[in-house]
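Residue numbers (the UniProt record's numbering): 1 to 368.
Input: a single structure, listed below in C-alpha cells.
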Amino acid sequence: MTDVVIVGGGVIGLTAAYELARRGMSVCVLEKNRVGQEASWAGAGMLPPGQIHGPQEIRELVRLSASLWPKLSEELLSETGLDNGYRNSGSLQISLDDEQELLSQKALWEKENVPVEELKGSDLFEYAPGLSDRLTWGFALPTMSQVRNPRHVKALQAACLSTGVTIRENCSVDQIEAIGERIVAVRAEEDVFSADRFVITTGAWTTQLLESVSVNFEVEPVRGQIVLLKTDPGTIAHIVEDRRRYIVPRDDGHVLIGSTMEDVGYVKQTTPEGVASLMEFANSLFPELAQAKFVQSWAGLRPRAVRGIPAIGSIDTFENLFVAAGHFRDGLCQSTATAVLISDLIEGVQPPISVELFRPPVAIPPQL
Numbered sequence: 001m002t003d004v005v006i007v008g009g010g011v012i013g014l015t016a017a018y019e020l021a022r023r024g025m026s027v028c029v030l031e032k033n034r035v036g037q038e039a040s041w042a043g044a045g046m047l048p049p050g051q052i053h054g055p056q057e058i059r060e061l062v063r064l065s066a067s068l069w070p071k072l073s074e075e076l077l078s079e080t081g082l083d084n085g086y087r088n089s090g091s092l093q094i095s096l097d098d099e100q101e102l103l104s105q106k107a108l109w110e111k112e113n114v115p116v117e118e119l120k121g122s123d124l125f126e127y128a129p130g131l132s133d134r135l136t137w138g139f140a141l142p143t144m145s146q147v148r149n150p151r152h153v154k155a156l157q158a159a160c161l162s163t164g165v166t167i168r169e170n171c172s173v174d175q176i177e178a179i180g181e182r183i184v185a186v187r188a189e190e191d192v193f194s195a196d197r198f199v200i201t202t203g204a205w206t207t208q209l210l211e212s213v214s215v216n217f218e219v220e221p222v223r224g225q226i227v228l229l230k231t232d233p234g235t236i237a238h239i240v241e242d243r244r245r246y247i248v249p250r251d252d253g254h255v256l257i258g259s260t261m262e263d264v265g266y267v268k269q270t271t272p273e274g275v276a277s278l279m280e281f282a283n284s285l286f287p288e289l290a291q292a293k294f295v296q297s298w299a300g301l302r303p304r305a306v307r308g309i310p311a312i313g314s315i316d317t318f319e320n321l322f323v324a325a326g327h328f329r330d331g332l333c334q335s336t337a338t339a340v341l342i343s344d345l346i347e348g349v350q351p352p353i354s355v356e357l358f359r360p361p362v363a364i365p366p367q368l
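This is the structure:
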C-alpha cells in the first residue's frame, strides 16, 4: 500500500511529495488537471526574507521558508538539471501616496532584524534607474529573492518523478472515504486510491473536498491578474513594491506587473479594467515601461482562508488525514517550510517551529 496520497498537485503538494519521498516514503500525487497550473503557475515568484504583519507563528513560517529556498533550489538543479530561476535580486519598497506607511514598514522590517537600506536622492535613482522623479525616497531589502514559478514547478515535478513519486494528472478527487476515525481512501469517479495517510493540498478547492468528511475549513478564491511585458535585460534591476502591487524583473528582460485582488468566485479570465490598472501603476513608477512590448496577461485564484490563517497539520477527528491549504498570496513563498512541517507531523517528528496556530478544524458530525 502507498504510504501517502497527496490530493492536489500545486507547489505545496509537489514540495511535500518531494520531501516525503526523500525521507523514504512511497507517495502518490493526484491532480485534477495538470500539476502546478493554478495559483502555483500564476504568481510572480517573490520570496521575502520575512514577514512584518500577522502572528509570530506566521513570521516564523516565512523565515523558515526563506532559509530553505536556497538549498531546495540547489537540490532541484542537481537532481534534474533544471534551473528554477531562484535569484537573490533584492527589492525596493516605495510609496506613491503614503510616506507614513512606508516609514512604518521600514521600522517593522528593522524590528524583524531584516537588512534594510534607506535610499534617497541620487542613491535612489542609482538603485532603480528610470524610476519616476515623483518619488523622493524608499528603502531596499537586499535579501529579497525570487523564483520563476513555471520553471520551479517543472523542476519539482521532475524531481518528484526521479525520487519515485507517482503523479496522476486529470484525476479529480471528489470524495474522501472514512471508516470510524480513519480515512481509508479517496475517490476520483470510478478510481479509488488507498494509503496509510492522506494530505489535502487543493488550494482554493479545499472547502468542497473536506466537506465530504464534515470538516468545515472555508477557503475562498481571490482572483489576481498579472501583466507580462518585455524590455531589454537590465532595464529594471530589482523587484519594486508599493504595498500589495509590484514589478518583478526577470534576467531575460521580461517584467511582471501585479496584481489585482478580486472576489469574483472561480472566474480566472482577465479584464480590460484590471490590465489597464496594472499598466497605469507600472507606468507611474517607470515611465519608459509605456514603450515596453506587451506579451500577455493572465489570472490565478489565490486560496484565502476565511479564518485568516492557513491550515497545516492533521485533522484531530481522523488519525491519518492532513491538510496544507489556505496560504492566500504566500503559497509559493511558504511551500518549503509547509512541506517540512507536514512531513514532520506525518513522521511523528517534532517540527522546527510551533504548528498550533495552523491546526485544521475538527470534523463536525452532521445533525440528525
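A virtual CB, placed ideally from N, CA and C, is assigned to each residue, including glycine.
Please read these numbers as outputs of a predicted model, since none were measured by experiment.
- Message: I need the straight-line Cα distance from Glu99 to Glu189, nearest angstrom please.
- Response: As a first step, residue 99 is located in the sequence shown; it is residue number 99 there, counting from the start. As a first step, residue 189 is located in the sequence shown; it is residue number 189 there, counting from the start. Cα to Cα, Glu99 sits roughly 55 Å from Glu189.
- Task: Check each candidate in Cys333, Thr163 and Thr317 and name the one with the smallest Cα separation from Pro360.
- Result: Residue 360 sits at position 360 when you count from the first residue of the sequence shown. The shortest Cα separation from Pro360 among Cys333, Thr163 and Thr317 belongs to Thr317.
- Query: Does the stretch 62-73 come close enough to the stretch 274-293 that 3 or more CB-CB pairs lie under 8 Å?
  - Reply: Under the 8 Å Cβ criterion, the stretch 274-293 does not count as touching the stretch 62-73, having fewer than three qualifying pairs.
- Query: Can we say the stretch 263-277 touches the stretch 306-314, given the rule of at least three CB pairs closer than 8 Å?
  - Reply: Under the three-pair Cβ rule at 8 Å, the stretch 263-277 does not count as touching the stretch 306-314.
- Query: Nearest CA to the CA of Glu75: which residue from Trp41, Leu119, Gly50 and Ser162?
  - Reply: The sequence position of residue 75 within the sequence shown is 75, counting from 1. When Trp41, Leu119, Gly50 and Ser162 are compared, the shortest CA-CA separation from Glu75 is found for Ser162.
- Residue from Gln175, Glu319 and Val349 with nearest C-alpha to Lys32: Position 32 of the sequence shown, counting from 1, holds the residue named residue 32. Per the Cα distances, Gln175.
- Can you have a look at Pro129 and say buried or exposed, based on whether 16 or more other CB atoms are within 10 angstroms of its CB? Taking the sequence shown and counting its residues from 1, one reaches residue 129 at position 129. With fewer than 16 Cβ atoms within 10 Å of its Cβ, Pro129 is classed as exposed.
- Message: Using the Cβ count rule (16 or more neighbours within 10 Å means buried), how would you classify Val4?
- Response: Residue numbering aside, residue 4 sits at position 4 when the sequence shown is read from its first letter. By the neighbour-count rule (16 or more Cβ atoms within 10 Å), Val4 is buried.
- Query: Per DSSP, Cys28 forms a beta bridge with which residues?
  - Reply: Taking the sequence shown and counting its residues from 1, one reaches residue 28 at position 28. Beta-bridge pairing links Cys28 to Val5 and Thr166.
- Can you tell me whether Val349 is buried or exposed, with buried defined as 16 or more other CB within 10 angstroms of its CB? By 1-based counting over the sequence shown, the position of residue 349 is 349. Val349 should be labelled exposed.
- Simplified DSSP state of Ile179, which is helix, strand or coil: Stepping through the sequence shown from its first residue, residue 179 is reached at position 179. Ile179 carries a strand assignment under DSSP once its states are collapsed to helix, strand and coil.
- Quick one: does Ser335 have its CB under 8 Å from some CB of chain C? Protein chains in the displayed structure number just one, and chain C is not present.
- Query: Thinking C-beta only, is Leu229 closer than 8 Å to Leu289?
  - Reply: Residue 289 sits at position 289 when you count from the first residue of the sequence shown. Residue 229 sits at position 229 when you count from the first residue of the sequence shown. A contact, by the Cβ cut-off of 8 Å.
- Message: Can you tell me whether Ser259 is helix, strand or coil according to DSSP?
- Response: As a first step, residue 259 must be located in the sequence shown, where it is residue number 259. Correct three-state label for Ser259: coil.
- Message: Taking 7 Å as the limit between beta carbons, can you name the residues of its chain near Ala155, skipping five residues before and five after?
- Response: Mapped onto the sequence shown, residue 155 falls at position 155. The residues are Leu76, Thr80, Leu82 and Asn84.
- Message: Along the chain, where does the alpha helix (DSSP H) containing Lys268 start, and where does it finish?
- Response: Translated into positions along the sequence shown, residue 268 becomes position 268. Unbroken run through Lys268: none, as it is neither H nor E.
- Cβ contact (3+ pairs, closer than 8 Å) linking the stretch 323-337 and the stretch 265-274: With contact defined as three or more Cβ pairs closer than 8 Å, the stretch 323-337 and the stretch 265-274 are not in contact.
- Query: Is there contact here, the stretch 38-51 with the stretch 327-337, by at least three beta-carbon pairs under 8 Å?
  - Reply: Taking 8 Å as the limit for Cβ pairs, the verdict is that the stretch 327-337 does touch the stretch 38-51.
- Quick one: give me the first and last residue of the alpha helix (DSSP H) that residue 369 is part of. Shown here, the chain extends from 1 to 368; a query on residue 369 therefore has no answer.
- Stretch pair the stretch 17-33 + the stretch 223-242: three plus CB contacts closer than 8 Å: Too few Cβ pairs lie closer than 8 Å, so no.
- Item | 8 Å CB neighbourhood of Val340 in its chain, flanking five on each side removed | One-based indexing of the sequence shown puts residue 340 at position 340. So the qualifying residues of the chain are Glu19, Leu64, Leu68, Pro351 and Pro352.
- Message: Within 8 Å, do at least three Cβ pairs link the stretch 245-264 to the stretch 105-112?
- Response: Result no; under three Cβ-Cβ pairs closer than 8 Å.
- Tell me the DSSP bridge mates of Leu229? As a working mapping, residue 229 is identified with position 229 in the sequence shown. Looking at the DSSP assignment, Leu229 forms a beta bridge with Val255 and Phe294.
- Task: Note the first and the last residue of the continuous beta strand (DSSP E) segment covering Ala311.
- Result: Locating residue 311 in the sequence shown gives position 311, where the first residue counts as 1. If you look at Ala311, you'll find it in the beta strand (DSSP E) that goes Ala311 to Ser314.
- Assign His152 to one of three DSSP states: helix, strand, or coil. Translated into the one-based positions of the sequence shown, residue 152 becomes position 152. Reduced to three states, the DSSP call for His152 is helix.
- Determine the direct distance from the alpha carbon of Thr201 to that of Glu181, and round the result to whole angstroms. To locate residue 181, count along the sequence shown from 1; it is residue 181. To locate residue 201, count along the sequence shown from 1; it is residue 201. Using only the alpha carbons, I get a separation of about 20 Å.
- Task: Closer than 8 Å by C-beta to Glu169: which residues in its own chain qualify, once you throw out the five before and the five after it? Chain order, please.
- Result: On the sequence shown, residue 169 is found 169 positions in, with the first residue counted as 1. Cβ within range, chain order: Gly9, Glu31, Asn33, Arg34 and Val35.
- Reducing DSSP to helix, strand and coil, say where Gln367 ends up. As a first step, residue 367 is located in the sequence shown; it is residue number 367 there, counting from the start. In this prediction, Gln367 has a pLDDT of 48, which is less than 50 and means its spatial position is unreliable; nothing more can be read from the coordinates.
- Message: What would DSSP say about Ile58, mapped onto helix, strand or coil?
- Response: Working through the sequence shown from its first residue, we reach residue 58 at position 58. Here Ile58 sits in helix by DSSP.
- Hey, would you say Glu118 sits closer than 8 Å to Phe139, going by beta carbons? As a first step, residue 118 must be located in the sequence shown, where it is residue number 118. As a first step, residue 139 must be located in the sequence shown, where it is residue number 139. It is a contact, given that the beta carbons lie within the stated cut-off.
- Look at the alpha carbon of Arg59 and the alpha carbon of Thr2, and state the distance between them as a whole number of angstroms. The sequence position of residue 59 within the sequence shown is 59, counting from 1. The sequence position of residue 2 within the sequence shown is 2, counting from 1. Looking at the two C-alpha atoms, the distance is approximately 34 Å.
- Per DSSP, which residues does Asp191 bridge with? Please list them. As a first step, residue 191 is located in the sequence shown; it is residue number 191 there, counting from the start. Paired residues: Ala188.
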